[in-house]
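Following our numbering, the numbering of the sequence shown begins with 1 at its first residue and continues without gaps. In this text, a Cβ means the ideal position worked out from N, Cα and C, and glycines have one as well. Here is the structure we will look at, set down as structure tokens.
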Amino acid sequence: MVDPDDRELIISCGAALFNLRIAIRHFGYRDIVEIFPQPEIADLLARVSIGSKRIIKQEESYLFRVISKRATNRLPFIDRELPASLISELESATELEGTWREIMTKIISASTRSKVIELIDRGDRLQMADPLFRQELSKWVHAHNNPSHDGISAHAQGINEKLDVFTPLISLAIRSFDLGKSQSAKDCQLAKNAPVLMLIGSNNDYPRDWLETGEALEHLLLKARINDVWASFFNQPVEIPELRSRLQAMFPENGHPQILLRLGYAKEIKPTPRRTVDEVLNEVRSRK
Ligand SMILES: Cc1cc2nc3c(=O)[nH]c(=O)nc-3n(C[C@H](O)[C@H](O)[C@H](O)COP(=O)(O)O)c2cc1C
1 MVDPDDRELI ISCGAALFNL RIAIRHFGYR DIVEIFPQPE IADLLARVSI
51 GSKRIIKQEE SYLFRVISKR ATNRLPFIDR ELPASLISEL ESATELEGTW
101 REIMTKIISA STRSKVIELI DRGDRLQMAD PLFRQELSKW VHAHNNPSHD
151 GISAHAQGIN EKLDVFTPLI SLAIRSFDLG KSQSAKDCQL AKNAPVLMLI
201 GSNNDYPRDW LETGEALEHL LLKARINDVW ASFFNQPVEI PELRSRLQAM
251 FPENGHPQIL LRLGYAKEIK PTPRRTVDEV LNEVRSRK
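Structure follows, in structure tokens:
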């Protein structure tokens, strides 16, 4: 219910697509990508094939090596600024050799940050007050050893792994109570103290733009990891149409808001559980 148009789902697929392209390049081949190759099949987002041999670029190998080291880090970030040169490098991560993307980034300045934080606050409260949202969220909160390998484990939320046994209780609490006030207090503090708060926007707002946003996002997140920088999201204001319009009005030159995230240095976290390749392929086959 939080993503009725599959916008964020397609952004996620764009992130996966970028990883695949980088892997192909890292192994010394050209990546051939057709976006929406059969428009009558709306779910067929891209067809990727391996092209001829090419020279491996060092930057692409660096990106490849951190794919398995990237994770969403929801811990508080250390009070340490990012160098200005690194911030501009991350901003330019929306570009990829051989392609032109219509994706923009905006660093939220100190003077507008409190207005954006107001929207995060409002978003948390509105979402958590909705029983359907809480039900959906509670289904995604799992113990680390959950056999489905899906969802957000306790440690990915900054909860000590030793307390993982309480994860079912946390899930129950999310489903049963409106925790909007405490969630908002936590998020607003994290947003206030984040060394960088960044908005990613796109010129248009169609599935093609969402897929490109995902590619740009993953590029940025991998570049961040190469430089020891972590990220996590505050997408509540982008998920609620009324708040998304307000965000867009605040930064009209940044197009349609797609992703709001913070960047900074933090304690290392363990990678989020993943489905195995077989599990993914079996699910694809079972849906056919
Ligand atoms: C498009 C998109 C939107 C997301 N929005 C949120 C969010 O609003 N809040 C959050 O805590 N995590 C958010 N995430 C992070 C996902 O929960 C996370 O990527 C997923 O659980 C896999 O974990 P990992 O990033 O550690 O690999 C988002 C991820 C993507 C790709």
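Buried or exposed (CB count within 10 angstroms, at least 16 for buried), residue i
i	result
Glu268	exposed
Glu258	It should be noted that the sequence gives Gln, not Glu, for residue 258. With 16 or more Cβ atoms within 10 Å of its Cβ, Gln258 is classed as buried.
Pro237	buried
Phe18	buried
Ile41	exposed
Ala224	buried
Ala110	exposed
Val116	buried
Glu283	exposed
Residue from the options with nearest C-alpha to residue i
i	options	result
Val2	Lys53, Gln127 and Arg54	Gln127
Ser182	Lys288, Ile120, Glu102 and His256	Ile120
Arg74	Ser153, Ser148 and Phe133	Ser153
Phe64	Trp230, Gly28 and Arg246	Gly28
Ser52	Arg30, Glu40 and Thr72	Arg30
Ser171	Gln135, Asn204 and Tyr206	Gln135
Glu91	Leu243, Asp278, Ser286 and Gly201	Gly201
Pro147	Pro273, Ser85 and Pro4	Pro273
Arg302	Cys188, Leu132, Asp164 and Lys162	Since the first and last residues shown for the chain are 1 and 288, residue 302 lies out of range.
Ala129	Ser184, Val165, Met104 and Leu82	Ser184
Leu169	Gly180, Met198, Val196 and Ser138	Ser138
Ile103	Glu242, Val280, Ile11 and Arg244	Ile11
Arg70	Ser232, Ile240 and Asn254	Ser232
Leu263	Ala173, Trp230 and His142	Trp230
Asn204	Asn145, Ala84, Glu253 and Ile55	Glu253
Asp43	Leu247, Leu281 and Pro207	Pro207
Asp178	Arg125, Pro4, Lys186 and Leu220	Arg125
Any non-hydrogen atom of ligand 1 closer than 7 angstroms to residue i Cβ
i	result
Ala15	yes
Arg74	yes
Gln189	no
Phe18	no
Thr105	no
Ile152	yes
Ser148	no
Thr272	yes
Asn235	yes
Glu242	no
Ser12	yes
Ala143	no
Ile259	yes
Ala156	yes
Ala71	yes
Glu8	yes
Ser111	no
Proximity test, residue i beta-carbon vs ligand 3 heavy atom, cut-off 7 angstroms
i	result
Gln58	Only ligand 1 can be found as ligands here, which leaves ligand 3 out of the picture.
Beta-carbon gap between residue i and residue j smaller than 8 angstroms
i	j	result
Trp140	Gly123	no
Ala191	Phe251	no
Ile78	Ala249	no
Thr72	Ala156	yes
Ala216	Ala46	no
Arg275	His149	yes
Leu86	Asn227	yes
Leu243	Leu199	no
Pro271	Ser68	yes
Using a Cβ distance threshold of 8 angstroms, determine whether the segment 208-222 contacts the segment 35-48, with at least three qualifying pairs required. yes
Assess contact between the segment 19-28 and the segment 43-57, defined as three or more Cβ pairs (one per stretch) separated by less than 8 angstroms. Is contact present? By the Cβ criterion, the segment 19-28 is in contact with the segment 43-57, since at least three pairs of Cβ atoms, one from each stretch, lie closer than 8 angstroms.
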